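Here the structure comes first, spelled out in structure tokens, and everything after it is commentary.
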Amino acid sequence: MVLPLFVEIGAGSPMPEYNRLGDVVAQEVITCGVEKDDVGIHLDDGSGMHLAPNHPMLARYVPKVGDFLITHSDEHQSFSPRDAFEQAYSPKDTKGIYASRLPVLLAEVISIDKNMGPMARVPCEGRVEIHFANGFGLNTLMDEPVFARYFPEVGDFLITYPDGYQSFKPRQDVLDRYSKIEA
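This is the structure we're talking about:
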């Protein structure tokens with residue numbers, strides 16, 4: 066399991082593991098061309114897409130041939146490197162449906178302080194400090210890829226996927242789509 070981007074700010078407890086409810090659809094990247102103002106991607110089902118280089122889908126990772134475009138049950142799409150994808154998912158059928166093999170880690174947001182410096186309680190424009198219920202915290206720039214799709218509120222969750230990808234999700238989405246693994 067890839068370690069999350071947390072900075073410990075106290076005696077943190079381990080992050081609880083959850084299983085995803087529902088499957089994903091995956092398409093293999095068969096060509097990927099990067100131009101000055103365009104990233105052209107063609108997939109194994111014959112479809113394709115053109116994205117601007119600064120598109121949020123490319124903020125974390127620019128795919129290569131052999132990687133995968135994943136469409137999650139909530140319609141969110143992300144690219145995953147081939148090795149990480151194969152560790153995290155197993156095929157359910159021959160139509161591109163995959164089931165998760167590995168759990169995700171969830172951390173509930175308990176406080177958000179915008180414009181705060183790294184753990185020093187000093188004002189710092191453009192940064193955010195987020196504290197989680199398990200005793201961990203995150204202090205980073207507000208334009209980081211982890212905020213590309215959604216900026217959290219107290220009670221929401223940070224999800225760390227098996228391939229290391231992280232995103233914030235609204236509380237109800239998490240409660241509807243994940244089940245806690247009991248120890």
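If you read the sequence shown in my numbering, its first letter stands for residue 66, the second for the next number, and so on.
Cβ atoms here follow ideal geometry from the backbone N, Cα and C, with glycine treated the same way.
Source: prediction; values computed, not measured.
Excluding the 5 residues flanking residue i on each side, which residues of the same chain have their C-beta closer than 8 angstroms to its C-beta?
i: Phe233; result: Val174, Val211, Phe212, Arg214, Tyr215, Phe216, Pro217, Asp221, Phe222, Leu223, Ile224
i: Asp102; result: Ala117, Pro118
Which residues in the same chain as residue i place their Cβ atom closer than 7 angstroms to its Cβ, once the five residues preceding and following it in sequence are excluded?
i: Gly313; result: No statement about residue 313 is possible, as the shown extent of the chain runs from 66 to 248 and does not include it.
i: Gly87; result: Ser138, Arg242
i: Thr136; result: Val89, Val90, Gln142
i: Asp109; result: Gln92, Glu93, Ile95
i: Ala164; result: Asp88, Tyr154, Ser155, Lys157
i: Leu206; result: Gly191, Arg192
i: His107; result: Ile95, Thr96, Gly113
Cβ of residue i within 7 angstroms of Cβ of residue j?
i: Tyr126; j: Lys245; result: no
i: Arg147; j: Gly161; result: no
i: Asp208; j: Glu194; result: no
Which word fits residue i, buried or exposed, when buried means at least 16 other C-beta atoms lie within 10 angstroms of its C-beta?
i: His120; result: exposed
i: Met122; result: buried
i: Ala149; result: buried
i: His115; result: exposed
i: Gly111; result: exposed
Between residue i and the rest of its own chain, which residues show a CB-CB distance below 6 angstroms, the 5 nearest in sequence each way excluded?
i: Pro302; result: In the structure as shown, the chain begins at 66 and stops at 248. Residue 302 is therefore absent and cannot be evaluated.
i: Arg250; result: Look at the range of the chain in this structure, 66 to 248, and you will see that residue 250 is not part of it.
i: Val239; result: Phe222
Between the region 211-228 and the region 150-170, are three or more C-beta pairs nearer than 8 angstroms? yes
What residue ranges within the region 125-186 form continuous beta strand (DSSP E) runs of no fewer than 3 residues, ordered along the chain? 133-136, 142-145, 154-156, 162-165, 169-181
Runs of 4 residues minimum, wholly inside the region 215-244: which ones carry the alpha helix (DSSP H) assignment? 236-242
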